Each structure stands twice: as C-alpha cells, then as structure tokens.
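**Student:** In my numbering, the protein residues as written are 479 to 716.
Even glycine gets a Cβ: it sits at the ideal position worked out from N, Cα and C.
Note that the structure is a prediction, hence the values are computed from the model and not measured.
Input: one structure, supplied below.
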Amino acid sequence: MKIKQNFSYFLVLCFLLSLSFNSYSQKNPRKERKTRKNQRYKKSILDNLPTFFVDDSRFPSYLKQIYKRDAARMSIRLLNNELRVSKQTIQIPEELVQAIYNAMVAVRTSDYGSVDTMANQYYVRTFPVPNVEKIVLVAEHDAPWLEPLKQRQDTTGDPQINSIIREHNLIISRLVHLDEERVALVLQSREPINVPALMMRFFISEGIGSIEEVLPYGDGNDISIKRTKTGWDLVYSL
Numbered sequence: 479m480k481i482k483q484n485f486s487y488f489l490v491l492c493f494l495l496s497l498s499f500n501s502y503s504q505k506n507p508r509k510e511r512k513t514r515k516n517q518r519y520k521k522s523i524l525d526n527l528p529t530f531f532v533d534d535s536r537f538p539s540y541l542k543q544i545y546k547r548d549a550a551r552m553s554i555r556l557l558n559n560e561l562r563v564s565k566q567t568i569q570i571p572e573e574l575v576q577a578i579y580n581a582m583v584a585v586r587t588s589d590y591g592s593v594d595t596m597a598n599q600y601y602v603r604t605f606p607v608p609n610v611e612k613i614v615l616v617a618e619h620d621a622p623w624l625e626p627l628k629q630r631q632d633t634t635g636d637p638q639i640n641s642i643i644r645e646h647n648l649i650i651s652r653l654v655h656l657d658e659e660r661v662a663l664v665l666q667s668r669e670p671i672n673v674p675a676l677m678m679r680f681f682i683s684e685g686i687g688s689i690e691e692v693l694p695y696g697d698g699n700d701i702s703i704k705r706t707k708t709g710w711d712l713v714y715s716l
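What follows is the structure, encoded as structure tokens:
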C-alpha cells in the first residue's frame, strides 16, 4: 500500500497488487484459432496471454458481471495502446477479457491484506472510460430514419442501422428530444462491447456525423493493468 500526495493537496491511496503468475499456456501451447473477430488484431496483443485457474463459483452473478465489465474496459485500454480505433473490432477479444477477469478474481480471492479494504470499504472499480455499454446517435428531428421510432416502433427506418443493431445485439433504449432541432437515439448493449469502435462503424458506414459516447465528468477510483514478462500488474487506486 502506498500513500501519495500531489501539489493540489489531494491524497491518493493506491493499492498496488502485482500478479506474477507463470502462464500455463506458455508450457502447454494451444493451436491458434483464427476467428473473424480477432483477425484485425496484432499478435503481440493476444499471444501468450497469462492463463491460470481461478474459482469464481462463490461470486454472485451481479459481481461476475461487474468484473466482466471492468475486464472489458481494461481490455480496450490495452488495445488502444497498440491499435487505432479504426483497426479494432466492436466485439472485444474474448480471450483477452477472460484473462484479465481471471487476474481480477485471483486478486479478490487472494490473501493480500489490503484486498478486503479495497473491495468492500472503498469499492474500487474501473473509472468508466471508455464506455462499454451505451452510444448516442444524434440527428435532425426530421431525419427519415427516425420516423418509425417516433411511432413507438422498435426499429429505425434505415436498414443498415437496423443491421448494425441486430449484429451487435443492441437495445433501442430511448429517443430523447434535445432541442427544437435535434433528437438523440440511445442504444444500449446487452454485453460489454468496444463502444469507440462501434462509433467508428456508425460514422463510416452510415455517415452519422454526431455520435456521442456517454462519459462521466471529473475523475474517481480506477483499476489499471499492464503486461509483464510473467503475468499482469494490477493497480487499484482511489
């Protein structure tokens, strides 16, 4: 546990938990499977991911979902370090998310003295950047593709937009009138996805010029991660 103080006189309590698990997969290499969703990624990101057994059977379902969301967000951050958004896919590589999820579970179930304080007292989670759940499409109120939504139909008037919604299992959450000229369509994902990559898809494919990512103001608790030669380094910070 480290205590730091910056020049703004804010105290930051940082729990540094380092995971240095030898990768089981390095000893037992599995045949690479080329899947469509991962073909665009550099091998350096997904090769030789640290793998180890963890038991999350005692975790309630809601907690598993929270950890999966954190793992998805940290996966996107790692991808951003090596790839432009235009080179990323909307579906986050499952093996990367699972590897980070396993690391987080390993920390939570470990006997580190600060784990209970970090998890229960301070409830440290990833700061919600990037968003992995919501996207907002903004259009003129008289845009033709919005007409079915104004009639309370669960679809748009644009087949391509509908195709993207179906392909990525999105939910049409609500239609919001921003002002006299603009309307916002809020789309919600059922599972964590790469929202910045989805924004790029709508912009390139459909030419929707105003697309917003729902982001928080300010800052807050966060979890960061980086690869090491033997595993992961996870940093939980307040």
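(1) Determine the burial state of Gly709: buried for a count of at least 16 other Cβ atoms within 10 Å of its Cβ, exposed for fewer.
(2) Straight-line CA distance for Asp594 to Tyr695?
(3) Take Glu658 as the anchor and find which of Ile649, Val616, Pro626, Glu684 has the nearest alpha-carbon.
(4) Kindly indicate which residue of Val664, His655, Val654 has the alpha-carbon position closest to the one of Leu648.
(5) Leaving aside the five residues before and after Asn559 along the sequence, list all residues of the same chain whose C-beta is less than 6 Å from its C-beta, in chain order.
(6) So what's Leu653 in DSSP terms, helix, strand or just coil?
(7) Taking only the alpha-carbon atoms, compute the straight-line gap between Glu669 and Glu611 and give it to the nearest angstrom.
(8) Name, in chain order, the residues that DSSP records as bridge partners for Val614.
(9) From which residue to which residue does the beta strand (DSSP E) around Val583 run?
(10) If you draw a straight line from the alpha carbon of Val713 to that of Ile703, how long is it in whole angstroms?
(11) Consult DSSP for Lys704 and reduce its assignment to one of helix, strand or coil.
**Tutor:** This is what the structure holds:
(1) Buried.
(2) Near 28 Å, if we compare the C-alpha coordinates of Tyr695 and Asp594.
(3) Measuring from the Cα of Glu658, the nearest candidate turns out to be Val616.
(4) Cα-wise, what sits closest to Leu648 is Val664.
(5) Counting only Cβ-Cβ distances below 6 Å, and skipping sequence neighbours, we find nothing.
(6) For Leu653, the secondary structure class from DSSP, reduced to helix, strand or coil, is strand.
(7) The alpha-carbon atoms of Glu669 and Glu611 are separated by roughly 7 Å.
(8) Answer is Val664, Glu690.
(9) Not the beta strand (DSSP E): Val583 falls in the alpha helix (DSSP H), residues 572-586.
(10) When only Cα atoms are considered, Val713 and Ile703 end up about 6 Å apart.
(11) The DSSP-derived three-state label of Lys704 is strand.
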